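Trainee: Start counting the sequence shown at 754; every next residue gets the next number (the numbering used here). If you scroll down you'll find the structure; I have some questions about it.
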Amino acid sequence: MNELRTILLPVRHGLAMGVLALIFGALWAAYFATHHEALHGGFEAAESKIKQVQMQAEMKEMQAGMSMSGMNMGNAAHGHAAGVAHNHAEAAPSEHGHNDGHAHKHAAGGQHSHSGSLATDSMQRLLRGHIHFMGIGILIIVVLILVAASRLKDCWKGVFGWTFGLGALMYPPAWIVMGFRTVELGPQGAEASIMWLFGPAVALLIGSLIALFCVMLIEFIGLHKSSLFAWAFRQE
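Written as structure tokens, this is what we have:
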């Protein structure tokens, strides 16, 4: 038992963060299960309100377009030749403005849902937060045991503990934050809003996994005994 404790000592902080990720995942699952209907209902209400605002904006654009067309028809009554020329001159900008408004509506208000409902997309992303908490928490515990069993120096094992542990605690919350912002910002906008958290978390996890693979490969080949890697491995 003392020997196992000694082996795991350099990565104990990473193991603690992995267990903490499991605890957060279990707590989030309990909250998600007990507040499922309230969360879904709130997202649906917000989505309905956004759609209502978009419809009102479209109606105002249509009324403005009809009003402009009526003014153009009234101006055409002043003369046949001059009126036709005048009507063509003003109709083109009017149509151009209508097209600009239509394009702006799709750019700003168009929300492309993966499931057909932004509320459903939000719930799916919140659920993924729980799944990633549990899955990555277990993964981190397993890989840190591999790190502890390697011939790396304790200082480098400690670095792995921090990178894996922080990645495990940063990545799942990004999904939860993204879920709460999906209805308001749209799927793409919500993704962009959490890149400051999502990007570093992915970099920590992927980078640490690649580094661990390299460590295991070096040990398997036997290069850890060479002077080239004396700075990283214990020489026994």
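Each residue gets a CB set at the ideal place from its N, CA and C atoms; glycine is no exception. Every value quoted in this text rests on a predicted model; they were computed, and no experiment measured them.
For ARG904, collect the residues of the same chain with a Cβ closer than 7 Å to its Cβ; drop the 5 residues on either side in sequence, then sort them by chain order.
Mentor: Here residue 904 corresponds to residue number 151 of the sequence shown, with the count starting at 1. Excluding sequence neighbours, ARG904 sits near GLU972, HIS977, PHE986 and ARG987.
Trainee: Measuring only the C-alpha atoms, how far is LEU780 from GLU790?
Mentor: Position 27 of the sequence shown, counting from 1, holds the residue named residue 780. Position 37 of the sequence shown, counting from 1, holds the residue named residue 790. Rounded to the nearest angstrom, the two C-alpha atoms are 17 Å apart.
Trainee: Taking the DSSP output, what are the residues bridged to LEU905?
Mentor: Counted from its first residue, the sequence shown places residue 905 at position 152. DSSP output for LEU905 lists PHE986 as bridge partner(s).
Trainee: Does the contact criterion of 3 or more C-beta pairs under 8 Å hold for the region 882-901 versus the region 764-775?
Mentor: Short answer: they touch.
Trainee: Determine whether the beta carbon atoms of SER870 and PHE933 lie at a separation below 9 Å.
Mentor: Translated into the one-based positions of the sequence shown, residue 870 becomes position 117. Translated into the one-based positions of the sequence shown, residue 933 becomes position 180. Not in contact: SER870 and PHE933 (Cβ atoms no closer than 9 Å).
Trainee: GLY975 by DSSP, collapsed to three states: which one?
Mentor: As a first step, residue 975 is located in the sequence shown; it is residue number 222 there, counting from the start. In the structure shown, GLY975 sits in coil (DSSP, three-state: anything other than H, G, I, E or B).
Trainee: Would you say LEU880 and PHE913 are within 9 Å of each other, going by their C-beta atoms?
Mentor: Mapped onto the sequence shown, residue 880 falls at position 127. Mapped onto the sequence shown, residue 913 falls at position 160. No, these two residues do not count as a Cβ contact at 9 Å.
Trainee: Go to HIS766, then tell me how far its alpha helix (DSSP H) extends in each direction, as first and last residue.
Mentor: The residue given as residue 766 occupies position 13 in the sequence shown. From DSSP, the alpha helix (DSSP H) with HIS766 extends over 765-787.
Trainee: From TYR924 to ALA954, what does the alpha carbon distance come to, in whole angstroms?
Mentor: Position 171 of the sequence shown holds residue 924. Position 201 of the sequence shown holds residue 954. If you take the alpha carbons of TYR924 and ALA954, they lie about 5 Å apart.
Trainee: Any idea if MET969 is buried or exposed, counting beta-carbon neighbours within 10 angstroms, 16 or more meaning buried?
Mentor: Position 216 of the sequence shown, counting from 1, holds the residue named residue 969. MET969 is exposed by the Cβ-count criterion.
Trainee: Considering only C-alpha positions, which residue in the set PHE951, LEU958, LEU892 and ALA983 is nearest to LEU775?
Mentor: Counted from its first residue, the sequence shown places residue 775 at position 22. The option with the nearest alpha carbon to LEU775 is LEU892.
Trainee: Does the beta-carbon of LEU757 have 16 or more other beta-carbons within 10 angstroms, so that it is buried, or is it exposed?
Mentor: Taking the sequence shown and counting its residues from 1, the one referred to as residue 757 is at position 4. Classification of LEU757: exposed, given that the 10 Å Cβ count is below 16.
Trainee: How should HIS788 be labelled, buried or exposed, when 16 other C-beta atoms within 10 angstroms of its C-beta is the threshold for buried?
Mentor: What you label residue 788 is simply residue 35 of the sequence shown in a count that begins at 1. By the 10 Å Cβ count, HIS788 comes out exposed.
Trainee: Hey, out of GLY888, ALA943, LYS802 and PHE917, whose CA is closest to ILE963's CA?
Mentor: Mapped onto the sequence shown, residue 963 falls at position 210. That would be PHE917, whose Cα lies nearest to the Cα of ILE963.
Trainee: Is the CB-CB distance between PRO763 and ALA983 below 9 Å?
Mentor: By one-based count along the sequence shown, residue 763 stands at place 10. By one-based count along the sequence shown, residue 983 stands at place 230. No; because the gap between Cβ atoms is not below 9 Å, this pair is not in contact.
Trainee: Could you say which of ALA927, LEU981, HIS883 and GLN877 lies nearest to GLY778 if we only look at CA atoms?
Mentor: Residue numbering aside, residue 778 sits at position 25 when the sequence shown is read from its first letter. Checked all of ALA927, LEU981, HIS883 and GLN877; the closest Cα to GLY778 is HIS883.
Trainee: Round the Cβ separation of GLY911 and LEU958 to the nearest angstrom and send it over; I've been treating them as touching at under 8 Å.
Mentor: Taking the first residue of the sequence shown as 1, we reach residue 911 at position 158. Taking the first residue of the sequence shown as 1, we reach residue 958 at position 205. That pair is no contact at about 17 Å.
Trainee: Can you grab the Cα-Cα spacing for the pair GLU848 / GLN816, in whole Å?
Mentor: As a position in the sequence shown, residue 848 is number 95, starting the count at 1. As a position in the sequence shown, residue 816 is number 63, starting the count at 1. Below a pLDDT of 50, predicted positions are generally treated as unreliable, and GLU848, at 46, falls in that range; the measurement from the model is reported next regardless. If you take the alpha carbons of GLU848 and GLN816, they lie about 14 Å apart.
Trainee: Rounded to whole angstroms, what's the CA-CA distance from ARG878 to GLN809? Just pull it up for me.
Mentor: Counted from its first residue, the sequence shown places residue 878 at position 125. Counted from its first residue, the sequence shown places residue 809 at position 56. Taking the straight line joining both Cα atoms gives about 29 Å.
Trainee: Work out the CA separation of GLY975 and PHE886 for me, nearest whole Å.
Mentor: The sequence position of residue 886 within the sequence shown is 133, counting from 1. The sequence position of residue 975 within the sequence shown is 222, counting from 1. The alpha-carbon atoms of PHE886 and GLY975 are separated by roughly 36 Å.
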